[in-house]
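Asker:
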Amino acid sequence: MPKYQILFDTVRAEQKFTVDIDDDETLDAVLDEILFELRERGDYLKGDGQPQVVWNGQSLDFASPLTGQGVRPNDILRVSTIVLNG
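So for the sequence shown, my numbering puts the first residue at 203; every next one is plus one.
1. On the DSSP bridge list, what partners appear for Ile278?
2. Distance, Cα to Cα, Ile208 vs Arg241?
3. Spatial neighbours of Met203 within its chain, please: C-beta separation below 7 Å, excluding the five flanking residues on both sides.
4. I'd like to confirm the pairing. Which residues does DSSP put opposite Glu216 in its beta bridges?
5. Taking a contact to mean a Cβ-Cβ separation below 8 Å, would you say Ser282 touches Gln254 in this structure?
6. From Thr228 to Leu262, what distance separates their C-alpha atoms?
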């Protein structure tokens, strides 16, 4: 199972974790569980809004597998929140 480095922008500080995500899994399928584990450790994303995952300067599509978006194992992903107008 591929491992990815994920940096979370939390209220305390930036937190770095290594996360396993299968090649065919999407962020829709795994992000809620990853954020739950983050909260279990006492960390919460900074800000109000929807989670956003950025790799290489671009926001990733939650419905597509990471590999289909060009992300490779050990790449660094950044998770923060974004407020959507609407």
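Yeah, the Cβ is synthetic: ideal placement off N, Cα and C, and Gly gets one too.
Since we're looking at a predicted model, the values are computed, not measured.
Answerer: For this structure:
1. For the purposes of this step, residue 278 is identified with residue 76 of the sequence shown, where counting begins at 1. In DSSP, Ile278 forms a bridge with Gln207.
2. Your numbering for residue 208 matches position 6 in the sequence shown. Your numbering for residue 241 matches position 39 in the sequence shown. Approximately 15 Å, taken between the alpha carbons.
3. For the purposes of this step, residue 203 is identified with residue 1 of the sequence shown, where counting begins at 1. Cβ within range, chain order: Asp222, Asp224.
4. In the sequence shown, the residue the question calls residue 216 occupies position 14. Note: Glu216 sits in a beta bridge opposite Asp211.
5. The residue you call residue 282 lines up with position 80 of the sequence shown. The residue you call residue 254 lines up with position 52 of the sequence shown. A contact, by the Cβ cut-off of 8 Å.
6. Taking the first residue of the sequence shown as position 1, residue 228 is located at position 26. Taking the first residue of the sequence shown as position 1, residue 262 is located at position 60. If I take the Cα positions, the gap works out to 10 Å.
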